[in-house]
Amino acid sequence: LQHLELTNTDTGHPRLVNALAKLLRSIDPMKEIIVSVGGYGALSAVFFALLNPGEEVVIIEPAFDCYVPQIVAAGGVPVCDVTADIDSSEFAVDFELLEKSINKKTKILLLNTPSNPVGKVFSVEELKKIADICIRHNLICVSDEVYEWLVFPPNKHYKIASFPGMWNRTVTIGSAGKTFQVTGWKLGWTVGPERYIAAMQIIQQNTVYTCATPLQEALAMTIEEELPLLGTEKSFFHQITQDVMRKGQKIAQALKKVGMPPIRPQAGYFLLASIANMGKSHAGCSAL
Numbered sequence: 001l002q003h004l005e006l007t008n009t010d011t012g013h014p015r016l017v018n019a020l021a022k023l024l025r026s027i028d029p030m031k032e033i034i035v036s037v038g039g040y041g042a043l044s045a046v047f048f049a050l051l052n053p054g055e056e057v058v059i060i061e062p063a064f065d066c067y068v069p070q071i072v073a074a075g076g077v078p079v080c081d082v083t084a085d086i087d088s089s090e091f092a093v094d095f096e097l098l099e100k101s102i103n104k105k106t107k108i109l110l111l112n113t114p115s116n117p118v119g120k121v122f123s124v125e126e127l128k129k130i131a132d133i134c135i136r137h138n139l140i141c142v143s144d145e146v147y148e149w150l151v152f153p154p155n156k157h158y159k160i161a162s163f164p165g166m167w168n169r170t171v172t173i174g175s176a177g178k179t180f181q182v183t184g185w186k187l188g189w190t191v192g193p194e195r196y197i198a199a200m201q202i203i204q205q206n207t208v209y210t211c212a213t214p215l216q217e218a219l220a221m222t223i224e225e226e227l228p229l230l231g232t233e234k235s236f237f238h239q240i241t242q243d244v245m246r247k248g249q250k251i252a253q254a255l256k257k258v259g260m261p262p263i264r265p266q267a268g269y270f271l272l273a274s275i276a277n278m279g280k281s282h283a284g285c286s287a288l
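Sequential numbering of the sequence shown, starting at 1, is according to UniProt numbering.
What follows is the structure, encoded as structure tokens:
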């Protein structure tokens with residue numbers, strides 16, 4: 001890296017934000033994307049930048065365990081009574097309950113697709129309903145999409161920011177750790193309207209300030225190498241998806257054999273299983 005240009009800007013290393021802009025959509029890399037200290041850092045900056053004290057964030061459960069403490073730390077109020085049926089991989093949101101959870105204090109609807117830990121990939125119809133709710137109630141949609149490149153066929157990932165009327169009210173979170181299996185690098189990013197990114201930049205400037213530039217350069221080079229391979233069998237995204245899917249199938253078969261029916265994920269590298277057959281006795285707990 002000694003011969004490379006290792007400059008940085010308020011929103012990230014120029015080479016990296018330009019590479020991300022090409023990977024994600026046609027955006028202004030200097031105004032509509034910001035690099036953070038991992039997906040965690042991106043989420044934290046979003047909540048601190050967009051929430052005023054007492055404003056509410058609606059969360060669809062089951063959900064990533066960091067959402068609630070980060071929202072509380074930013075002065076927000078998490079609303080977690082929007083549940084979903086996970087008796088099978090057909091994870092379904094209760095949209096009636098979702099509507100009832102929204103009031104005049106609601107500021108953000110937090111979407112996670114593909115979801116952690118269930119591995120649900122939201123369909124076009126589901127995203128249309130969520131988009132409609134956001135528009136009608138004038139909500140910001142924070143869309144955590146860190147597993148978008150690890151979706152198992154025939155499922156397909158759709159970005160809610162691409163739906164009519166949603167770009168100007170959506171911030172989308174991504175993660176190098178989840179995308180390229182380099183969680184120790186702690187590089188994430190947020191894509192969204194300039195006004196939201198500018199607010200996040202103020203938060204980061206006064207907290208973490210910036211991210212490690214050599215790692216940003218390395219990530220930019222990786223993305224640049226991957227871009228011409230997208231959609232082919234040589235693509236890293238294709239290969240890692242096939243690899244994780246095969247491993248998941250083996251684990252699912254093993255769980256079945258011991259009486260723990262798996263909830264097959266549509267994406268991601270988590271796999272849940274039912275322990276109902278184990279009972280609630282001490283013997284059942286010991287068997288685990």
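Beta carbons are placed, not taken as given, at the ideal position from N, Cα and C, and that holds for glycine.
Decide if the segment 54 to 64 is in contact with the segment 21 to 38; the criterion is three or more beta carbon pairs, one per stretch, under 8 Å apart. no
Exposure label - residue 88; buried when at least 16 CB within 10 Å: For residue 88, the pLDDT reaches just 46, beneath the cut-off of 50, and the residue's location in the model is therefore unreliable, although a value from the coordinates is still provided. So residue 88 ends up on the exposed side.
Under the three-state reduction of DSSP, which class applies to residue 68: helix, strand or coil? helix
What ranges does the beta strand (DSSP E) occupy inside the segment 115 to 200, keeping only unbroken runs of at least 3 residues that lie completely in it? 140 to 144, 170 to 175 and 188 to 191
If you run the structure through DSSP and keep just helix, strand and coil, what is residue 248? helix
Per DSSP, which residues does residue 272 bridge with? Please list them. 263
For residue 27, which of helix, strand or coil comes out of DSSP? coil
Does the pairing of the segment 167 to 187 with the segment 135 to 151 give three or more beta-carbon distances under 8 Å? yes
Spatially closest choice to residue 198 from 213, 14 and 45, by CA coordinates: 45
Does the beta-carbon of residue 194 have 16 or more other beta-carbons within 10 angstroms, so that it is buried, or is it exposed? exposed
Out of 19, 11 and 93, state which residue places its alpha-carbon closest to the alpha-carbon of residue 224. 19
Any 3 or more C-beta pairs closer than 8 Å across the segment 113 to 126 and the segment 260 to 269: yes
Separation of residue 67 from residue 40, as counted between CA atoms: 9 Å
Hey, is the segment 205 to 221 in contact with the segment 184 to 192, meaning 3+ C-beta pairs nearer than 8 Å? yes
Nonlocal neighbours in the same chain, by C-beta distance under 8 Å from residue 124, ignoring five residues either side: 158
Looking only at its own chain, which residues have a Cβ that is under 6 Å from the Cβ of residue 145, when we skip the five neighbours before and after it? 172
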